[in-house]
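**Q** Residue numbers (numbering that gives the first Met the number 0), protein chains in the order written: chain A, 0 to 516; chain B, 0 to 516.
The C-beta atom is built at its ideal place from N, Cα and C for all residues, glycine as well.
Number of protein chains: 2
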Amino acid sequence: MNGAHSLTQTLLANGVDTVFANPGTSEMHFVAALDDTPEINCILGLFEGVVTGAADGYARMKDTPAATLLHLGPGLANGLSNLHNAIRAQSPIVNVIGDHAIYHRQYDAPLTSDVEGAARPFSHWVRTTANADSVSHDTAAAIAASLTNPGQIASLILPADSAWNPVENQQEPEKAFVPAAGIPADDIIEGAAAALKKAKNPAILLGKNALREVPLRSAGLIAEATGADLLCPNMVARVTQGAGRVPVKRVPYATPAAVDFLKDYDLLVLVGSKAPVGFFAYPNRPSALTPPAMHVVELAQPRHDLTASLEALVTAVGADSAKEATTSALDLPDLPTGSITKEKLGDLLANMIPENGIVIDESITTGFTFFSTAATAQPHDYMLGTGGSIGYALPTAAGAAVACPDRKVICLESDGSGMYMPQSLWTYAREGLDIVVVIFSNRKYQILRDEMRNVGADFGGPRAEALMDLTNPTIDWVSLAKSMGVDGQAVDNMDDLATAFRAGLDAQGPYLIEVVM
Amino acid sequence: MNGAHSLTQTLLANGVDTVFANPGTSEMHFVAALDDTPEINCILGLFEGVVTGAADGYARMKDTPAATLLHLGPGLANGLSNLHNAIRAQSPIVNVIGDHAIYHRQYDAPLTSDVEGAARPFSHWVRTTANADSVSHDTAAAIAASLTNPGQIASLILPADSAWNPVENQQEPEKAFVPAAGIPADDIIEGAAAALKKAKNPAILLGKNALREVPLRSAGLIAEATGADLLCPNMVARVTQGAGRVPVKRVPYATPAAVDFLKDYDLLVLVGSKAPVGFFAYPNRPSALTPPAMHVVELAQPRHDLTASLEALVTAVGADSAKEATTSALDLPDLPTGSITKEKLGDLLANMIPENGIVIDESITTGFTFFSTAATAQPHDYMLGTGGSIGYALPTAAGAAVACPDRKVICLESDGSGMYMPQSLWTYAREGLDIVVVIFSNRKYQILRDEMRNVGADFGGPRAEALMDLTNPTIDWVSLAKSMGVDGQAVDNMDDLATAFRAGLDAQGPYLIEVVM
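Here it is as C-alpha cells:
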C-alpha cells in the first residue's frame with residue numbers, strides 16, 4: 000500500500016466517498032488509487048472553482064465533507080474564491096492538494112509556490128503531510144477539522160512522494176475524532192429566555208443549522224410563546240422553507256433597507272449567527288445595521304448544537320414542546336403571463352418549485368424578492384450566496400445535485416455572475432445532473448450600477464458605464480450551454496418561460512433557460 | 000481630488016496607461032476616476048484570471064506594467080494562478096485590489112478576508128495603503144517594485160475609504176524610483192569568458208530579456224567565438240526568433256529528453272537563467288537535469304541588465320562587436336495537406352506565421368515541436384507557459400494584442416487548457432483584438448495520460464481514464480466562441496485548416512479555429 004491508497008482508504012473509512020477533482024501530474028498516484036476504490040465517486044471539473052464550489056454545495060446538503068483534489072499552488076488558487084464562500088457557508092470541506100515531492104522543492108521548479116501560504120487565508124486547518132506513513136493520520140485529522148462545528152475548511156497538502164512511497168507501518172485507516180457540539184450553559188439559556196420574555200419587540204436571528212426544518216419548529220414554538228420574529232441573515236447557506244415549514248424573514252441586503260427592517264426590535268437573540276452588518280461600507284451610512292439601543296443576546300455560538308440549544312430554549316421560555324408550531328400554508332401564485340418583470344419572475348418561481356426541490360439563488364438584482372415569494376411554495380431548500388464571491392451558483396448547484404440525486408435542483412443565475420465559472424455546465428452534462436438553470440440576462444452588472452450610486456461615486460460617465468455593460472458583445476447563453484452538452488432555450492416573455500421551465504423540470508438531466516430581460 | 004484620482008494620476012504620471020479590470024463595489028471610486036482620465040485604457044474581463052493573464056501578456060510585450068483592478072480577496076484569488084505564471088515570466092504587474100473601508104473591517108462582513116495574506120504568496124511586494132494621502136506614494140512604490148529588474152508583481156491594496164476620501168495635502172503625483180539594473184563585476188565577466196574559452200563543449204542558457212533580438216546578436220557573436228550553443232529554458236516568457244534572428248535551442252520538457260539534451264555539455268553559462276530542473280519529480284529520475292560533471296558558471300543574475308552583460312562578454316571573449324552574428328535564413332515548409340498530424344501542424348504554423356507576428360503557445364502535447372519548427376519562419380515573437388499553471392494562453396494573448404495593436408497574435412491552445420479561462424474570448428470580441436485562436440481538440444488531458452506513466456502509477460483503469468477524458472460531452476469550441484461574439488470554424492484536415500488560418504490572418508479582429516484531432 001502506498002500513501003495514495005492510504006489516503007483513499009482513510010477517506011472511505013470516515014465516510015468521505017465523494018471527490019471533486021481537477022488533478023495534475025503530482026496527483027496521478029491518487030488518481031490511480033481511485034481505480035482501486037470504486038466506492039468513491041470521483042467527479043471531474045474542468046476548472047478548480049467548479050471543484051471547490053461543488054464541494055460547498057455538497058456539504059450544504061449533506062453536512063459532511065466531500066474531498067477536493069487540486070493541483071499544486073495554482074490549482075488551489077483557482078479554487079480559493081469558492082472556498083471563501085464555503086468558509087462563510089460554514090461548509091465542511093477536505094481539500095487534498097498535491098505538491099511536488101519534498102526533495103524536489105529545493106529545485107524551485109516552475110510550478111513551485113508557497114502552497115501552505117496560499118491555503119491559509121482560505122482554510123481553518125492546513126497541514127503538509129510529511130511522508131507516506133503520516134497520510135492516514137493527517138487525513139483523519141483533516142476530516143475531523145472539517146467536521147468541527149459548524150463546519151470548516153481543511154487543506155491537506157500531499158507531496159507527490161508521500162503519495163507514491165509505500166506505507167512502512169501498515170495500520171488500519173485512522174478514524175477521525177470529531178469533538179461533540181454541546182449546548183450553552185444553563186444560565187445563558189435562562190438569560191436568553193428572560194430577555195425574550197421581558198422584551199417588547201424581540202427577534203431571533205437564526206444561523207446555519209438552526210434554519211433546518213426540525214430546529215425551525217422549536218424556533219416557531221419560542222416565537223409563539225414570546226412574540227419574537229424569526230429572522231435569517233441576508234446571506235445564508237441553506238434554509239428549509241415552503242409549505243409545512245416555519246417561515247423566517249430575511250434581513251435585506253441594502254444598508255438603508257436593513258436598518259429600517261431592524262429599527263423597531265428592542266432585542267435580538269443570536270442563535271449561531273452574528274448581529275447583521277453592512278455588506279460593504281458606504282460613506283455616511285452605518286456599518287452596524289442594528290439600532291444602538293437594541294439589546295443583543297447570544298444564545299448559542301456557531302460551534303454549538305443549535306438544534307439542541309433551541310430545544311433547551313423552548314423549555315426555558317415555558318413553551319409546550321409537544322405542540323406543533325405554526326407553519327406556512329401552501330399558497331401558490333398564479334402563473335404570470337405576458338412581458339417579463341421581476342415580480343412575475345418571483346411568482347413563476349414560487350408556483351413551479353417542485354416538492355423537495357433545491358433552489359440556489361444568485362439572481363442578485365433580479366431576484367432580491369424571490370426568497371420571500373417562495374416562502375409559501377412547495378417545501379424546498381433555498382440556498383444563497385454566503386461570502387459574496389460572485390459565480391458560486393453554477394458550481395454549488397453541481398455539488399447539491401451530486402449530494403441529492405433524487406431531488407430537482409433549480410439554479411437561478413445572473414449573466415454577470417454566471418460567466419465566472421461557466422465550465423460548471425460541462426460537469427452537469429457529464430454527470431447528467433438534474434439541474435434547471437435559469438440565467439437572468441440583463442446584460443449588465445446592474446448591482447454595480449446601483450452600488451456606484453450607493454458609494455456616492457460620480458455616475459454616468461461613458462467609461463464607467465462601459466465597465467458595467469455586457470452588451471458588447473451580448474452573450475448567447477444557449478449556445479454556450481450547448482457547446483458544453485447542455486440543452487436549453489432563450490425566452491423573452493413569461494408564457495414561454497413557464498413552458499420552458501416545465502420542460503426543464505420534466506427533463507432528466509440539465510436544462511438551461513436564458514431569460515432575456 | 001480623492002484617493003482614487005490620486006491613484007489614476009500617479010499611474011499615468013509613471014506611464015501606466017492600461018488597466019485590465021474586473022471591478023466591484025469597493026472599486027467604484029476608481030472606476031469613476033477613470034472617467035476623468037481618458038488617457039488610461041481600461042479593459043474589462045469577465046473573470047479575474049483573464050485580467051491578470053492579460054496583464055502578463057501585456058508586460059511580456061511592453062516590458063512595462065499594466066495595472067489590474069481586482070475586487071477584494073476573492074477577486075484577487077481568482078487572478079492568482081496567472082500571477083503565478085507572471086512571476087515565472089518575470090513580468091512587471093501592478094495589482095490594485097480594492098478592500099473594505101478600514102473602519103469596516105472590524106465588522107467581519109461576508110466579503111472580508113486576509114487580502115494581504117492571499118496576495119503574498121503570489122507577489123514580490125504587498126502593501127495596504129493607509130489613507131487617501133498615502134495613495135500616490137504607495138502607487139509609485141508599487142510601480143517601482145514592479146519595474147525592479149527583471150520584473151515583479153506588486154500588489155497594492157486600496158481600502159474603499161482611501162479611494163473616496165479627499166487628499167488633504169495636495170501634491171504632484173509621485174514618480175516611481177526604479178533602481179538601475181547594472182552589469183556583473185569585471186572578474187565575473189572575465190571568469191565566464193575564460194571558462195567559455197577553456198570548455199570543450201559549452202552552452203549558454205539565456206533567460207528573459209537576453210532572448211530578445213539585440214542581445215541575441217551579442218550572444219550569437221559569443222557563440223561563434225567560443226563554439227558555445229545558445230539555449231533557452233523549456234518554459235520561457237518570450238523569444239524573438241525567425242528569419243534574421245539568432246536562433247536558440249529549447250531545453251526539452253520531459254526529464255529523460257532534457258537529460259539527454261544536456262549530457263554532453265561540459266560548461267553551462269547562465270545569463271539571467273537557472274540551471275534546468277525537472278518540471279516535476281518522478282520516481283527514479285533526477286530532479287537536476289544537468290550532468291554532475293558539468294561546470295555551471297553564472298554570468299549574470301536575473302536582476303542584471305542582460306543586454307549590457309552580454310555586450311561585455313562579447314568584448315571579454317575577444318569577439319568583434321562590429322561583426323554581424325549569423326542568423327536564421329527564411330526557410331518555410333510547404334503547406335501540408337491531407338490528414339492532421341502534429342508534424343504537419345508545425346509545418347503549417349511555420350509556413351503561415353506572418354512577419355512580426357506574436358505566437359502564444361499552450362498547445363502542450365500537440366505542439367512540443369512547434370517552437371523549433373518556427374525558427375526559420377518569418378520573424379516573430381514566441382511565448383510559452385512559464386509557471387505551468389494551465390489556461391494562461393487565452394488571457395495572455397489578450398494582453399499581448401492590447402500591447403501591440405498593429406501585430407497579429409496567434410494563440411495556440413489546447414482544449415483542456417482553454418477551458419480554464421474561456422471568458423477571455425468575450426474580451427477579444429469586445430476589444431476587437433486581432434487574434435487567431437487555434438484550439439487543438441484532442442478531447443483528453445493527454446499530458447496527464449503521459450505523466451501517469453512517467454510517475455509510475457498504475458495506468459489504464461477505467462476511473463483514472465475517465466478523469467483524463469474530455470469526450471463526455473465533447474466541447475463544441477465554435478459554438479463556445481460564437482456565444483461570446485467570436486466567429487470561427489472547426490476543421491478536421493490540413494487543407495481546411497490552411498484555408499481557415501488564412502481567413503483568420505486576413506480578418507481584422509478575433510477568429511477561432513477548432514482543430515479536431
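Would you say residue 126 of chain B reaches chain A, if we count a Cβ-Cβ gap shorter than 8 Å as a contact?
**A** Along the second sequence, read from residue 1 onward, the residue named residue 126 of chain B stands at position 127. By this cut-off, residue 126 of chain B is not an interface position.
**Q** Taking its Cβ as the centre, do 16 or more other Cβ atoms sit within 10 Å of residue 501 of chain B, making it buried, or is it exposed?
**A** Working through the second sequence from its first residue, we reach residue 501 of chain B at position 502. It is exposed - the Cβ of residue 501 of chain B has fewer than 16 other Cβ atoms within 10 Å.
**Q** With a threshold of 7 Å (Cβ to nearest heavy atom), would residue 346 of chain B be considered close to the ligand PLP?
**A** In the structure shown, the ligand PLP is absent, as is every other ligand, since no ligand is present at all.
**Q** According to DSSP, is residue 220 of chain B part of a helix, a strand, or is it coil?
**A** The count along the second sequence starts at 1 and reaches residue 220 of chain B at position 221. Residue state, collapsed to three classes: helix.
**Q** Considering only C-alpha positions, which residue in the set B:337, B:312 and B:196 is nearest to residue 265 of chain B?
**A** Mapped onto the second sequence, residue 265 of chain B falls at position 266. Checking every option, the nearest Cα to that of residue 265 of chain B belongs to B:196.
**Q** Chain A beta carbons: is any one of them nearer than 8 Å to that of residue 8 of chain B?
**A** Here residue 8 of chain B refers to the residue found at position 9 of the second sequence. Closer than 8 Å: no.
**Q** Only counting runs of 3 or more residues, tell me where the beta strand (DSSP E) segments fall wholly within the region 432 to 477 of chain A, in order along the chain.
**A** 434 to 440
**Q** Determine whether the Cβ of residue 189 of chain B lies closer than 8 Å to any Cβ atom of chain A.
**A** Locating residue 189 of chain B in the second sequence gives position 190, counting from the first residue. Closer than 8 Å: no.
**Q** Is it buried or exposed, residue 470 of chain A, if we count other Cβ atoms within 10 angstroms and call 16 or more buried?
**A** Against the first sequence, residue 470 of chain A aligns to sequence position 471. Exposed, since its Cβ has fewer than 16 Cβ neighbours within 10 Å.
**Q** Which residue's Cα is closest to the Cα of residue 334 of chain B: B:492, B:513 and B:200?
**A** Here residue 334 of chain B refers to the residue found at position 335 when the second sequence is read from its first residue. Residue 334 of chain B has its Cα closest to that of B:492, out of B:492, B:513 and B:200.
**Q** In chain order, what residues of the same chain have a beta carbon less than 8 Å from the beta carbon of residue 461 of chain A, not counting five sequence neighbours either side?
**A** Mapped onto the first sequence, residue 461 of chain A falls at position 462. Around residue 461 of chain A: no qualifying Cβ.
**Q** Can a CB atom of chain B be found closer than 8 Å to the CB of residue 112 of chain A?
**A** Sequence index remark: in the first sequence, residue 112 of chain A carries index 113 (1-based). Yes - at least one Cβ of chain B is within 8 Å of the one on residue 112 of chain A.
**Q** Which of helix, strand or coil does DSSP assign to residue 483 of chain B?
**A** Looking up residue 483 of chain B in the second sequence gives position 484. Correct three-state label for residue 483 of chain B: coil.
**Q** DSSP three-state label for residue 262 of chain A, please.
**A** Here the question's residue 262 of chain A lines up with position 263 in the first sequence. Here residue 262 of chain A sits in coil by DSSP.
**Q** Going along the chain, which residues of the region 455 to 466 of chain B sit with their C-beta nearer than 8 Å to a C-beta in chain A?
**A** 455, 456, 457, 458, 460, 461, 462, 463, 465 and 466
**Q** Mind listing, in chain order, the continuous beta strand (DSSP E) runs of no fewer than 3 residues lying wholly within the region 2 to 42 of chain B?
**A** 17 to 20
**Q** Residue 278 of chain A CB to nearest chain B CB: under 8 Å?
**A** The count along the first sequence starts at 1 and reaches residue 278 of chain A at position 279. Cβ-Cβ to chain B under 8 Å: yes for residue 278 of chain A.
**Q** Please state whether the Cβ-Cβ distance between residue 56 of chain B and residue 67 of chain B is less than 8 Å.
**A** Here residue 56 of chain B is taken as the residue at index 57 of the second sequence, counted from 1. Here residue 67 of chain B is taken as the residue at index 68 of the second sequence, counted from 1. Between residue 56 of chain B and residue 67 of chain B, the gap from beta carbon to beta carbon reaches 8 Å or more.
**Q** Which residue marks the beginning of the alpha helix (DSSP H) containing residue 50 of chain B, and which one marks its end?
**A** Residue numbering aside, residue 50 of chain B sits at position 51 when the second sequence is read from its first letter. Segment 47 to 61, the alpha helix (DSSP H) holding residue 50 of chain B.
**Q** Cβ of residue 486 of chain B less than 8 Å from any chain A Cβ?
**A** Here the question's residue 486 of chain B lines up with position 487 in the second sequence. False, the Cβ-Cβ gap to chain A never drops below 8 Å.
**Q** Hey, quick one: how far does the beta strand (DSSP E) through residue 297 of chain A stretch, first residue to last?
**A** The sequence position of residue 297 of chain A within the first sequence is 298, counting from 1. Start and end: 294 to 299.
**Q** At which residues does the alpha helix (DSSP H) containing residue 73 of chain B begin and terminate?
**A** Within the second sequence, the letter at position 74 stands for residue 73 of chain B. Per DSSP, residue 73 of chain B belongs to the alpha helix (DSSP H) from 71 to 88.
**Q** Note down the Cα distance separating residue 137 of chain A from residue 112 of chain B, rounded to an integer number of angstroms.
**A** Looking up residue 137 of chain A in the first sequence gives position 138. Looking up residue 112 of chain B in the second sequence gives position 113. Going from the Cα of residue 137 of chain A to the Cα of residue 112 of chain B covers about 26 Å.
**Q** Looking only at DSSP bridge pairs, what is residue 248 of chain B linked to?
**A** If you number the second sequence from 1, residue 248 of chain B lands on position 249. Answer is B:230.
**Q** How would you list, in chain order, the residues of chain B whose beta-carbon sits under 8 Å from the beta-carbon of residue 410 of chain A?
**A** Here residue 410 of chain A corresponds to residue number 411 of the first sequence, with the count starting at 1. Near residue 410 of chain A there are no residues of chain B at all, since even the closest Cβ is about 18 Å away, more than 8 Å.
**Q** Since residue 142 of chain A and residue 304 of chain A are thought to touch, with beta carbons under 8 Å apart, how far apart are those beta carbons, to the nearest angstrom?
**A** Translated into the one-based positions of the first sequence, residue 142 of chain A becomes position 143. Translated into the one-based positions of the first sequence, residue 304 of chain A becomes position 305. With 8 Å as the limit, residue 142 of chain A and residue 304 of chain A do not qualify as a contact, their Cβ atoms being about 19 Å apart.
**Q** Could you check whether residue 9 of chain B and residue 172 of chain B sit closer than 8 Å to each other, using their CB atoms as the reference points?
**A** By 1-based counting over the second sequence, the position of residue 172 of chain B is 173. By 1-based counting over the second sequence, the position of residue 9 of chain B is 10. Cβ atoms of residue 172 of chain B and residue 9 of chain B: closer than 8 Å.
**Q** Please report the straight-line C-alpha distance between residue 482 of chain B and residue 278 of chain A, rounded to a whole angstrom.
**A** Here residue 482 of chain B corresponds to residue number 483 of the second sequence, with the count starting at 1. Here residue 278 of chain A corresponds to residue number 279 of the first sequence, with the count starting at 1. Each residue's Cα considered, the two are about 33 Å apart.
**Q** Taking C-beta pairs closer than 8 Å, name the residues in chain B that residue 287 of chain A reaches, listed in chain order.
**A** Residue 287 of chain A sits at position 288 when you count from the first residue of the first sequence. Those within 8 Å of residue 287 of chain A in chain B are 106.
**Q** Report yes or no: do three or more beta-carbon pairs, one from the region 215 to 226 of chain B and one from the region 235 to 255 of chain B, lie closer than 8 Å?
**A** yes
**Q** Taking residue 496 of chain A as part of the alpha helix (DSSP H), name the residues at either end of that continuous run.
**A** Reading the first sequence from its first residue, position 497 is the one you call residue 496 of chain A. 493 to 505 is the extent of the alpha helix (DSSP H) around residue 496 of chain A.
**Q** Give the straight-line distance between the Cα atoms of residue 251 of chain A and residue 281 of chain A, rounded to the nearest whole angstrom.
**A** Residue numbering aside, residue 251 of chain A sits at position 252 when the first sequence is read from its first letter. Residue numbering aside, residue 281 of chain A sits at position 282 when the first sequence is read from its first letter. Looking at the two C-alpha atoms, the distance is approximately 16 Å.
**Q** Between which residues of its own chain and residue 332 of chain A is the CB-CB distance below 7 Å, once the five residues before and five after are set aside?
**A** Translated into positions along the first sequence, residue 332 of chain A becomes position 333. Within the same chain, and ignoring the five residues on either side of residue 332 of chain A in sequence, the residues whose Cβ sits closer than 7 Å to its Cβ are 346, 349 and 350.
**Q** Which same chain residues, not among the five before or five after residue 324 of chain A, have their C-beta less than 6 Å away from its C-beta?
**A** Numbered from 1 along the first sequence, position 325 holds the residue referred to as residue 324 of chain A. Excluding positions up to five away in sequence, the list reads 216, 219, 220 and 245.
**Q** Taking CB distances under 8 Å as the criterion, tell me whether residue 69 of chain B reaches chain A.
**A** One-based indexing of the second sequence puts residue 69 of chain B at position 70. Answer no: the Cβ-Cβ gap between residue 69 of chain B and chain A never drops below 8 Å.
**Q** Are the C-beta atoms of residue 364 of chain B and some chain A residue less than 8 Å apart?
**A** By one-based count along the second sequence, residue 364 of chain B stands at place 365. No, no contact with chain A.
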